[in-house]
Amino acid sequence: MRNFAPIVIVFALLLSSCSDYNKVVKSTDYEFKYKKALEYYENGEFVRSSTLLKELIGIVRGTSRADKVYYYFAKSQFGLKDNMMAGHYFKSLIKEFPRSEYAEESQYMIGYCFYLDSPTPRLDQAVTQNAIDALQLFINIYPKSTRVDEATRLIIELRDKLVYKSYLSGKLYFDLNNYKAAVVALTSSLKDFPDTKYREELMYMLLKAKYLLAINSVEEKKHERLSSTLDEYFTFVDEYPESKYRKEVEKYHNTTAKLLNYKPDSKI
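Take the sequence shown: its position 108, counting from 1, is numbered 1043 in the working numbering, and each next residue is one higher.
Here it is, written out as structure tokens:
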């Protein structure tokens, strides 16, 4: 019986809490609902706070409390880890109340919600780009904000993810021996992210892909593709003369130059 008593007490408290909450939900005293909604939020009861605040959004429209209700409803959704809904209401707050005291934080939270929903690099990165755009907009609007350093750090992290996604896309075609697609993807990756930490490897894969595409081409396309391979070789060795791939790329150069009858003093 002694062990059973605490369970009974907890159950009774839960029933009492549910009963009190039901009274709040059914109440027509909106001032009371407003205060209870904030109380629930502060206690981390986000389901209850969001339920009450959603109802209050329409009630307080046009009043001095409207932006605060929007703000806490968005924060409640964030507390529930519904980042998409939270971001939507933070955005709505800024649109409806651009001069609100909550506008600065809301602008940051839009980007942060996108950041939290950003998927792994192997998946589509549209949300990642949305996060970068939103955080950059925050920095542009509030350059003196205390959150600028954090927003900058998040942008760098998100850009690294885009860089890696781009690298993986090019490497995927390369590993699948789809050299025509690899050339397009690798070229695009180097163009979009010229300072990528994967630059040497990407340039090596691009050279090799062009080489293999060229030597396996039909005759009418072979000369043009061999010439492009040779150009890529010179670009690579000029930028990475001590590359770990140097020995291998010299083989591509020798074969390509021989097929083109190329000599250092000759024109292709």
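Note that the Cβ used here is the ideal one computed from N, Cα and C, for glycine as well.
Cβ pair G1022, L1089 closer than 9 Å: no
Test item: CB-CB of Q1042 and K1096 under 9 Å: no
Span of the alpha helix (DSSP H), counted from its first residue to its last, around S1101: V1083 to D1110
Same chain, Cβ closer than 8 Å to I1203, neighbours up to 5 away in sequence not counted: With a pLDDT of only 47 at I1203, under 50, the local geometry of the prediction cannot be trusted, and no value is derived from it.
Burial state of V1184, where buried means 16 or more other Cβ atoms lie within 10 Å: buried
Neighbourhood of D1052 by C-beta, 6 Å cutoff - its chain only, sequence neighbours within 5 removed: N1018 and V1062
Within-9 Å CB hit, M1138 to chain B: Looking for chain B here will not work: only one protein chain is present.
Inter-residue Cα distance where the pair is K1003 and Y1037: 8 Å
Three-state secondary structure (DSSP) of L1015: coil
6 Å Cβ shell around L1121 - same chain, five flanking residues per side excluded: G1105, L1137, M1140 and L1141
Nearest to K1145 (by Cα), restricted to the options E1177, E1167, F1049 and P1129: E1167
Whole-Å CB distance - V1098 paired with F1128, under 8 Å assumed: 5 Å
Assigned secondary structure, Y1187 (DSSP; H/G/I helix, E/B strand, else coil): helix
Buried or exposed by the 16-neighbour rule on C-beta atoms within 10 Å, applied to K968: buried
Cβ neighbour criterion (16 or more within 10 Å) applied to L949: Only weak support exists for where L949 lies, its pLDDT of 42 falling under 50; the coordinates are left without a value.
Span of the alpha helix (DSSP H) around F981: F981 to I994
Three-way DSSP call (helix, strand, coil) for S1162 in this model: helix
Pairwise C-alpha distance: N1151 and C1048: 48 Å
I960 classed as buried or exposed, judged by whether at least 16 other C-beta atoms fall within 10 angstroms: Looking at the sequence shown, residue 960 is not Ile but Val. It is exposed - the Cβ of V960 has fewer than 16 other Cβ atoms within 10 Å.
Candidates S962, T1191 and D1130, of which the one nearest E1174 by Cα: D1130
Q1064 vs A1086 beta-carbon contact at 9 Å: no
Residue of L1107, G979 and D964 minimising C-alpha distance to P1056: L1107
Coil, strand or helix - T1122 by DSSP: helix
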